[in-house]
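Offset between the sequence shown (1-based) and this note's numbering: plus 1. Glycine included, each C-beta is placed from N, C-alpha and C at the ideal position. All values reported here derive from a predicted model rather than from experimental measurement. Quick notes on the structure that follows.
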Amino acid sequence: MNYKEFRNYDSKTFIDQRTAAVASSPLKTSLVKQLEPKPLIAKFESTLDDLLRLRRKVQTKIDDLEDAAQASENARRRKLVEMNLAVEEVQSAFKSLEVHLGEVGKTAIRIGEQLETIDKQRRIAAEAKDLIYYFQDFNIKKDGALALDAFRKSGSTTEAQTAPIVRRLNAIAKEIGTVGTEMAKESIEKFSEELETSILHQFHTAYTKGDKEIMNKCAKVLTELNGGTSCVQTYINQHEFFINQAKVVSNGLFAEDDPIDKNSEVLLNPKLAKLFEEVKATIPQEWGIISSVFPNSVSVMQNFVQRVFAQSVQNYVEQELSVAVEVGDMYYLRTLRIVHEATLSVCKNLYKFDKSVIMVDTKSVGISAVLDRCFDDLFVPYTDNNRYVEVERRCLGNRFAERLANFNEFLVKKLENIFITYNNPRIQANRTLKHKQQAMPTFQTVGNILMGVTEKNSGSILNKTIAACPESVGLPSVSAMLEILEIHLEALERCKELSKLGDLARNVLAIFKVFIEECGEKYLVSALNMYDIRT
2 MNYKEFRNYD SKTFIDQRTA AVASSPLKTS LVKQLEPKPL IAKFESTLDD LLRLRRKVQT
62 KIDDLEDAAQ ASENARRRKL VEMNLAVEEV QSAFKSLEVH LGEVGKTAIR IGEQLETIDK
122 QRRIAAEAKD LIYYFQDFNI KKDGALALDA FRKSGSTTEA QTAPIVRRLN AIAKEIGTVG
182 TEMAKESIEK FSEELETSIL HQFHTAYTKG DKEIMNKCAK VLTELNGGTS CVQTYINQHE
242 FFINQAKVVS NGLFAEDDPI DKNSEVLLNP KLAKLFEEVK ATIPQEWGII SSVFPNSVSV
302 MQNFVQRVFA QSVQNYVEQE LSVAVEVGDM YYLRTLRIVH EATLSVCKNL YKFDKSVIMV
362 DTKSVGISAV LDRCFDDLFV PYTDNNRYVE VERRCLGNRF AERLANFNEF LVKKLENIFI
422 TYNNPRIQAN RTLKHKQQAM PTFQTVGNIL MGVTEKNSGS ILNKTIAACP ESVGLPSVSA
482 MLEILEIHLE ALERCKELSK LGDLARNVLA IFKVFIEECG EKYLVSALNM YDIRT
């Protein structure tokens, strides 16, 4: 019986199978079926003996398997212990090796540092030897250093190697004050100027041809020679952008016969607008050239941007605002605001280009700081130290006075009449009688007229005069106040545009004080007081 058969084992079936042969045998003594237990007992005893033998065999097999399993387990444990010991030995060996490697590495580092120091000293000594040799050569030969000049012309890369040598010789010549070295100083200075002139000529020729590779080589040599300042100045001074803008500025932004209406709407000068468009197009284009030519591209780009604003933009702005000042305060303020807005728009465009291109390419600070400084320097002469606010206050006062001229004229006449009346009793009595005879309009009537509501029986001459021009009879006007508020709102918008963040609150307060003084105290309060006097 195997394991699968044992799983389906049934004791009843097993007994039936074992007793079937005994139970089915015919009985010899009787025809009636009777149970004979002896054959069954014999069969069961035989079966029990077989089962006991099978049990002993199974138990023996189990004992053998348990002994084998125990032996295998013991062998496995011994193997694990041996492996653990081997791993620990390997780890110990690795730790020891690591310690030795660390010691060897430190020794190698010390040796490397010493070798590097020795190499630096060797190179310094070699360079010092060459410098001494060239300096003596300059000091001996009156016509110049034939040795250094020959070295410069000996190969395609030696010119770049000559530049740092000349720079160091210049530094040595400035520091040495020993008698007898005057010829060397003069010769070194002359050779340096000749070398710079020669490389600048090569740079200019390459710039004319558009050869960026030669321009880059020349720029690197000049940077090693004297920082590259002369190269940068040559590039910027000869740039077509500045040459063209200088011609435009010299011709002027305005035609001499163009009349300017001080009350007209101010638009940005077309020439200035064209300049701003050229600036927005030129800066990205120039970065592509400068970044591929100059080793210190960010510094050169900063100089270029500073030159654009300090020369071209500033000349345009100064001409624009100088003409606006002569026209009048209001025209000047409107011009200043629109120029400020346009310039700020250009700067914002360049901020985006700097952040998305220049800073990404160079991984360093770009031109944003230079733009901020140039923008501030451009408008400081017009906005710093309350210059703008003073002009704005003066302009507001003049515009308010111009709008309320009829009211102020009536107020002056009224005050003169009051003064004369109180100083002459006879005139005062006649005026009192006349005042009683004349019917003054009621407060409701005046309010309806001022608000544009026409009464049915309001055809008197006085009411018609009030409706036509309330200020001429000393009454406030809704239309006048709306115009004054528009003037004040325009001033506040300019103040927000032209004021720095730290000065905005103070400037707004100064402008609001003008509004309160001119429209509150001198207009509305005076009108109400005058109405009280008449009633």
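Contact check, residue i vs residue j, beta carbons under 9 Å
i: D330; j: V267; result: no
i: E519; j: L397; result: yes
i: K356; j: S369; result: yes
i: L337; j: L499; result: yes
i: K221; j: P296; result: yes
i: L201; j: S231; result: yes
i: F305; j: C348; result: no
i: F516; j: I485; result: yes
i: E136; j: I189; result: Sequence check: residue 136 is Phe here, not Glu. A contact, by the Cβ cut-off of 9 Å.
i: Q320; j: V371; result: no
i: V280; j: L345; result: no
i: I177; j: L132; result: no
i: L405; j: Y332; result: no
i: K501; j: V509; result: no
i: A174; j: K191; result: no
i: K218; j: A274; result: no
Reduced DSSP category for residue i - H, G, I as helix; E, B as strand; rest coil
i: I215; result: helix
i: I291; result: helix
i: R39; result: This sequence places Lys at residue 39; Arg is not what is there. The answer is helix: DSSP assigns K39 an H, G or I state.
i: Q239; result: coil
i: K263; result: coil
i: K501; result: coil
i: G367; result: coil
i: L269; result: coil
i: K154; result: coil
i: I177; result: coil
i: D50; result: helix
i: L405; result: coil
i: P285; result: helix
i: P165; result: helix
i: P382; result: helix
i: G521; result: helix
i: D68; result: helix
i: S298; result: helix
i: T182; result: coil
i: S231; result: helix
i: T466; result: Confidence is the limiting factor: at T466 the pLDDT is only 47, short of 50, which leaves the residue's position unreliable, though a coordinate-based value still follows. T466: helix per DSSP, three-state reduction.
i: G329; result: coil
Supposed contact pair residue j and residue i - C-beta distance, whole angstroms, cut 8 Å
i: A164; j: L226; result: 4 Å
i: K263; j: V328; result: 5 Å
i: V299; j: G367; result: 6 Å
i: R19; j: K39; result: Contact doesn't hold; Cβ gap of about 15 Å is too wide.
i: M184; j: N140; result: 5 Å
i: F277; j: A343; result: 6 Å
i: T159; j: R153; result: 6 Å
Residue i versus the options, residue with shortest Cα-Cα distance
i: F380; options: T108, Y317, K263 and R404; result: Y317
i: Q203; options: K175, T179 and Y236; result: Y236
i: A511; options: Y389, A402, F243 and K154; result: Y389
i: M302; options: Q234, K210 and Y333; result: Q234
i: P285; options: F354, C219 and N245; result: F354
i: G521; options: Q312, E90 and A402; result: A402
Chain D contact for residue i (CB, 9 Å cutoff)
i: R404; result: Absent from the structure is chain D; it holds one protein chain and no more.
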